[in-house]
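Residue numbers (our numbering), protein chains in the order written: chain L, 127 to 598; chain B, 127 to 598.
Glycine included, each C-beta is placed from N, C-alpha and C at the ideal position.
As the structure is a computational prediction, the values presented were derived from the model and not from experiment.
The structure appears below as structure tokens.
Protein chains: 2
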Amino acid sequence: MTDSWATFGADLHLELRGAGLRAGLMDALREAVRSGRLAPGARLPSSRGLAADLGIARNTVADAYAELTAEGWLTARQGSGTRVARRAAPRTGRGAAAGSRPPGPPRRTAAPVRKARHDLHPGTPDLASFPRAAWLKAARKALTAAPDEAFGYSDPQGRIELRAALADYLSRARGVRAHPDRIVIVSGFVHGLRLMARVLRDRRVREVAVDSYGLDVHWRLLTDAGLRLPALPYDEHGTRTEALGRQGAVLMTAAHQFPLGGALPADRRAAAVDWARAGGGLILEDDYDGEFRYDRQPVGALQSLDPERVVYLGTASKSLAPGLRLGWMVLPRDLVAEVTAAKGEADWMCGAPDQLTLAEFLTSGAYDRHVRARRLHYRRRRDQLVAALAAEAPQVRVTGIAAGLHAVLTLPPGTEASVVQAAAHHGLAVQGLSYFRHPDVPHGPDGLVVGYGTPSDSAWHGALAALVRAVP
Amino acid sequence: MTDSWATFGADLHLELRGAGLRAGLMDALREAVRSGRLAPGARLPSSRGLAADLGIARNTVADAYAELTAEGWLTARQGSGTRVARRAAPRTGRGAAAGSRPPGPPRRTAAPVRKARHDLHPGTPDLASFPRAAWLKAARKALTAAPDEAFGYSDPQGRIELRAALADYLSRARGVRAHPDRIVIVSGFVHGLRLMARVLRDRRVREVAVDSYGLDVHWRLLTDAGLRLPALPYDEHGTRTEALGRQGAVLMTAAHQFPLGGALPADRRAAAVDWARAGGGLILEDDYDGEFRYDRQPVGALQSLDPERVVYLGTASKSLAPGLRLGWMVLPRDLVAEVTAAKGEADWMCGAPDQLTLAEFLTSGAYDRHVRARRLHYRRRRDQLVAALAAEAPQVRVTGIAAGLHAVLTLPPGTEASVVQAAAHHGLAVQGLSYFRHPDVPHGPDGLVVGYGTPSDSAWHGALAALVRAVP
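This is the structure:
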């Protein structure tokens, strides 16, 4: 046993906290790695040994080790046992991935999508993959166990069962500093953004900075609320947050810029937080598909840098299905009441059965199992996309592929419109990169935003073939 | 295992907190007994069973049981296992009462309700009667049969399966002239009313007439939207609709005036429709408890008189449970697009699983069976209320009892406030009639609005006895 373990293991009894034993153990181990109490490469005791030491079941420890290995905190190698990963968790963050979000409300893309034979629009997961049986199993357990009051008029903030389950999940899987009291359940990202627009307007905020690339449906929602949306400059490293100025808030997809796909570098994350602290600004973090990170250590949520200055928004729309209409906000202390009131005024919105079912789905581990399986599946598709293009269209550069459900294909200058048109002609629905460019940004590279997560398995290979045919 | 355990056990993973496993388990159990989640006498699982369930060592559980027994929270008797002590701790209502409140935002009555031992607030059905097993059966059938696209970004108008099922049910059970294309699914009456407020404002409507008695949360929603709300005069036959004038719309509970309980006479219904046709006005029909009619033929919806001038609003909040957050609007042809757009802008709101489940619940006949059973049940309660008052407080007149889940008790002039206060003092939550009076209506009879549908069966007789004690 290493010294690093010896000093930590003795205190572990006191470290166990949070929701559930496995989660509590995982929190303690994660924190120990994060803080350096467990050094990179440090060897952990066997699951049997630790279980005996703590007086808990061996499976609880084994499960915790397995999940932390899946999250990239630990490594397990035949013969050398379980060790702390050499590059566990970036210094900027505490947890797992972040990624891409959908083209918001469907009206913008629904029409073409329905007509197209092949659909590679970004923003929707493979709907055929929704885990119906597991969902129904969770529904049975949740609705059987629910107290009667769960079926009554409930707290606009959302069911406590779901907020508690999310606080646990978001902290361990996404590095979010979350407490059930700080979470408000919403019916999707657009709903949460709308509530924030209302709150910002009430606070006399006039300007919200946005990236040079993003979703016009989100921009329109904010401008409809009377807000101006200056675009922040962008370079090869990402959004230049040091350019933040008098704006009252900034909307970011820091972990996986949508649609360009980069992760915001640590220094620019820090610059954004410094800006927020200095001027009392708010950062709206759209962490839309954070579960799907493929090639490197998880990129932690920006929120963990300063929970009092960052509004974290996430949903089940990519990880499970948009049709659930379930999302969540993790809020600074002084925003909880305002956001809850703004939501309650309109209506409570989210049905209790679906909220209770998602809570059970999370606490039972079914959510983690589903996400792990989908991650492998989407990663395989991404690899197939990259390989097919390398073979058939080597001149096309593919970027933003470290995470998420979409990739950006860089096209020869001046060809984007004709490629999108040719694709549509061949029954392939795909969006040009310029579609996502801020109106104040006059120029940008030609490209395609390819949602490789969208098709069902049966439709995927046909869609990929059609894409390869469509690119020059 | 008892229900009380089943309710609590499922959440126990979330409850464990504090330093150390045994202490955490003891805290969770103590809190569950204190809050009433584990009822006095409730049997706990064996230490072996719970240890396996939680994945912790058996001794940890056995020690916790032993200490809690020593502290007097639990009792251990040979043969009967470990149970919650009969007089372990006072209950702080966590049953149906905590969720009960008038059909409106909770903030208004939440506080008093939580403290009340007996809850007779109107507006909530018996939450213990929610048909969990039948609902889960419908969910299994609906989610198994659903097309993949049901889990995607869907039509803001609502799932077609549910709109089709409602068109059939509403025409059959409520005489509504409904077609799926005219129906928009909402998350409750308040949500539908809010959408209408938005549409009316866009149409430059300035005034919406309302009854002399109603719900201030609805009035506030409309005034917040910038609308003026003149009150229509009221006499013993109901609202005097012939007094309608320049207003652009009128909000009515024609089938069962809330809270007074009368059905609008045919000539006054006709007068309202004539007014709407003559001046292009709209009638907003709040059909909140139309299913529950006891002493005569159901009173059909006003909407059937002129589907192009009446906006029909209904929900599952009284017939099933408010927690479903599912309601519906049946709209004139020229309003469908406006209302759908207003809804879509904010978000789609209603989750597909709950929508699909309600559709199956309706088409399978389970909804009709449930409503028939509840109707008999609530009617019995009403009869018990009337009989108890006739025997114990013959001077109290009971009105508005032909339908619905509430009755109005007429009190001697000048006694309302003191009766409500005395009731609260005896742990009975009940609302005075004046609470529902329009601010422009200076005077009105003293009375109580008694929600006899609210308590669970186990709480009903105690609540009734408390009411009889409270009235003069």
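CB contact check: residue i to chain B, cutoff 7 Å
i: R258/L; result: yes
i: F418/L; result: no
i: G477/L; result: yes
i: A548/L; result: no
i: G371/L; result: no
i: S313/L; result: yes
i: R227/L; result: Note that R227/L scores a pLDDT of 30, beneath 50, so its modelled location is shaky; the value from the coordinates is reported in the next line. Judged by the 7 Å Cβ criterion, R227/L is not in contact with chain B.
Residue-chain proximity (residue i, chain L), Cβ-Cβ < 7 Å
i: I286/B; result: no
i: G579/B; result: no
i: H587/B; result: no
i: D583/B; result: no
i: F277/B; result: yes
i: P448/B; result: yes
i: L590/B; result: no
i: S280/B; result: yes
i: T250/B; result: yes
i: V310/B; result: no
i: S445/B; result: no
Strand pairing of residue i, partner residues [DSSP]
i: Y561/B; result: Note: Y561/B sits in no beta bridge, so no partner.
i: Y360/B; result: T365/B
i: E333/B; result: R354/B
i: T483/L; result: The partner list for T483/L (beta bridge, DSSP) is empty, contrary to what the question assumes.
i: I182/L; result: I182/B
i: T580/B; result: For T580/B, which the question treats as bridged, DSSP gives no partner whatsoever.
i: M378/B; result: E411/B
i: L554/L; result: H244/L
i: V522/L; result: Bridge partners of V522/L: none, in fact.
i: T208/B; result: A202/B
i: T536/B; result: R523/B and G573/B
Cβ pair residue i, residue j closer than 7 Å
i: L288/B; j: Q481/B; result: yes
i: H363/L; j: A592/L; result: no
i: R579/L; j: L531/L; result: The question names Arg, but residue 579/L in the sequence shown is Gly. In this structure, L531/L lies closer than 7 Å to G579/L by Cβ.
i: V576/B; j: A529/B; result: no
i: A516/L; j: L590/L; result: no
i: L321/L; j: A335/L; result: no
i: L574/L; j: L511/L; result: no
i: A397/L; j: T367/L; result: yes
i: V187/B; j: L176/B; result: yes
i: E411/B; j: V376/B; result: no
i: L180/B; j: M152/B; result: no
i: I286/B; j: W454/B; result: no
i: A183/L; j: L200/L; result: no
i: V462/L; j: V325/L; result: no
i: H569/L; j: S338/L; result: no
Interface residues of chain B facing residue i [CB-CB closer than 7 Å]
i: W345/L; result: Residues of chain B passing the Cβ test: none, with the nearest at roughly 14 Å.
i: A254/L; result: D274
i: A265/L; result: L262 and A265
Proximal residues of chain B, C-beta to C-beta of residue i below 9 Å
i: S173/L; result: Result: empty, since nearest Cβ-Cβ is about 12 Å, beyond 9 Å.
Contacts that residue i makes with chain L (C-beta to C-beta distance below 8 Å)
i: W261/B; result: L269 and P479
i: S490/B; result: By Cβ distance, chain L contributes nothing, its closest Cβ being about 16 Å from S490/B, past 8 Å.
Proximal chain B residues relative to residue i, where beta-carbon distance stays under 8 Å
i: G181/L; result: L147, I182, A183, N185 and T186
Taking only runs of the beta strand (DSSP E) that begin and end inside the segment 417-474 of chain B, which ones reach a length of at least 3 residues, in chain order?
436-441 and 453-456
Which runs of the beta strand (DSSP E) at least 3 residues long sit entirely within the segment 296-350 of chain B? Give them in chain order.
309-312
Mind listing, in chain order, the continuous alpha helix (DSSP H) runs of no fewer than 4 residues lying wholly within the segment 254-281 of chain B?
258-271
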